[in-house]
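Okay, here's the thing in structure tokens:
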């Protein structure tokens with residue numbers, strides 16, 4: 001009897017999606033066959049063996065129709081299914097009714113396949129465990145935990161917290177378009193763990209390159225953002241200095257740090273459920289390279305504005321936003337204030353940059369985008 005193929009790498013992301021629905025492989029196959037008939041008028045004969053091939057890695061990249069069917073069934077992007085995007089694929093001619101078309105092959109080197117699938121599995125697990133991982137990261141900085149916010153994933157430097165709330169009129173912003181670039185970019189050797197292989201001897205140049213190729217969300221643009229470079233609370237006015245950065249700069253450092261944390265602090269128990277390990281600096285080479293998280297010369301820190309919105313009436317409430325990991329590149333799975341948005345200009349035209357360099361204007365824009373648009377949609381619906 002032939003032994004297991006050592007070149008295969010299990011598709012852990014697809015397995016996790018199936019298990020999240022409490023389905024057997026046969027159950028998933030039957031549901032997909034039903035979906036193909038009811039929605040696409042295709043009579044398929046998927047079986048337990050079909051699903052096994054996908055999950056075991058025997059079939060690295062099924063036909064496009066099968067991937068679309070799985071994405072529809074699980075309500076996720078195709079990039080979240082854990083399959084690789086092959087460079088050259090050979091399949092049977094058509095998805096003819098009654099035939100199992102799991103015959104795709106690819107010329108990607110086996111070690112590249114395994115490394116990219118591990119990366120995808122970790123990124124999928126990161127999206128499902130982001131808050132728990134934030135608490136782990138908080139534990140790495142015991143001197144910066146806040147007494148009333150322990151085990152929330154929040155750390156802060158005392159110099160960055162005012163004694164009392166400040167009106168926006170007491171906040172002054174300075175923009176330096178020639179501000180020095182941060183020391184760490186995300187392309188250093190210490191970040192190799194979070195940059196999967198492209199070829200047996202080459203890794204993706206930056207973390208965002210891997211996202212684009214293997215797990216691109218619906219919105220993925222490298223837009224201009226304002227980067228915090230310094231703040232001063234020594235007087236009655238809060239002074240905040242900013243430079244420029246691209247959105248991908250944040251992915252290459254901050255999101256890469258989250259991935260590194262997931263890689264080293266997530267495990268599976270005897271029932272194959274995700275668990276976290278105790279906070280440890282072991283293996284966190286990229287985090288060690290960055291060092292002090294409050295040293296704004298080390299890494300790019302993208303500005304963002306979150307606005308606490310209170311609804312009045314007999315039963316006052318707070319409006320919150322849960323980030324959909326399928327639609328965003330960073331912070332998927334987290335819940336935060338609404339509206340909230342990156343501090344960025346709406347245009348790269350110099351006049352637009354100058355006009356949008358305002359906290360109040362940013363807040364107004366986010367209210368308009370996230371609440372007024374929703375209100376108009378509700379009016380149409382009702």
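Residue numbers (full-length UniProt numbering): 1 to 382.
Just so it is clear, CB atoms sit at the ideal spot from N, CA and C, and this is done for glycine as well.
Inside the UniProt domain "HTH cro/C1-type" (14–81), DSSP marks whole alpha helix (DSSP H) runs of 4 or more residues at positions 25–40, 48–56 and 64–74, from first to last along the chain.
Distance between residue 310 and residue 204, taken at the CA atoms: about 44 Å. Residue pairing for residue 241: DSSP places it in a beta bridge opposite 174 and 230.
Going by DSSP, residue 266 is part of the beta strand (DSSP E) stretching over 266–268. A check of alpha carbon separations from residue 45 across 55, 58, 56 and 66 identifies 66 as the nearest.
Between residue 226 and the set 253, 210 and 357, the nearest pair of CA atoms involves 357.
With a contact defined as Cβ atoms closer than 8 Å, residue 337 and residue 184 miss out at about 28 Å. The beta-bridge partner set that DSSP reports for residue 317 consists of 311. DSSP places residue 364 within a helical segment (H, G or I) once states are collapsed to three. Residue 282 carries a coil assignment under DSSP once its states are collapsed to helix, strand and coil. Contact check between the stretch 255–275 and the stretch 161–178: fewer than three CB pairs, one atom from each, fall below 8 Å, which does not count as touching. Inside the stretch 149–227, DSSP marks whole alpha helix (DSSP H) runs of 4 or more residues at positions 207–214, from first to last along the chain.
For the pair residue 18 and residue 28, the Cα-to-Cα distance works out to about 7 Å. When the five nearest sequence neighbours on each side are left out, the beta carbons in the same chain lying within less than 6 Å of the beta carbon of residue 362 are those of 305 and 343, in order along the chain.
Setting aside the 5 residues that flank it on each side, residue 248 is surrounded in the same chain by 206, 208 and 222, each with a C-beta closer than 8 Å to its C-beta; the list follows chain order. Residue 84 sits in coil when the DSSP states are folded into three classes, being neither helix nor strand.
For residue 304, there is no enclosing alpha helix (DSSP H); the enclosing beta strand (DSSP E) has its first and last residue at 304–306.
A straight line joining the alpha-carbon of residue 268 with that of residue 163 spans about 43 Å.
For residue 246, DSSP records a beta bridge to 224. Residue burial annotation: residue 149 is exposed, with fewer than 16 other C-beta atoms found within 10 angstroms of its C-beta. Bounds of the beta strand (DSSP E) holding residue 342 are 340–342. In the displayed model, residue 130 falls within a helix according to three-state DSSP. Here the alpha carbon of residue 237 sits roughly 10 Å from the alpha carbon of residue 173.
C-alpha of residue 302 to C-alpha of residue 250: approximately 7 Å in a straight line.
Between residue 242 and residue 176, the C-beta spacing is below 9 Å. For residue 335, DSSP records a beta bridge to 322. Pairing residue 190 with residue 26, the inter-Cα distance amounts to about 43 Å. In the displayed model, residue 140 falls within coil according to three-state DSSP, outside both helix and strand. Residues 23 and 73 of the same chain have their beta carbon placed closer than 8 Å to that of residue 31, with the five preceding and five following residues left out of the count. Selection 84, 131 and 54 evaluated against residue 119 yields 84 as nearest (Cα-Cα).
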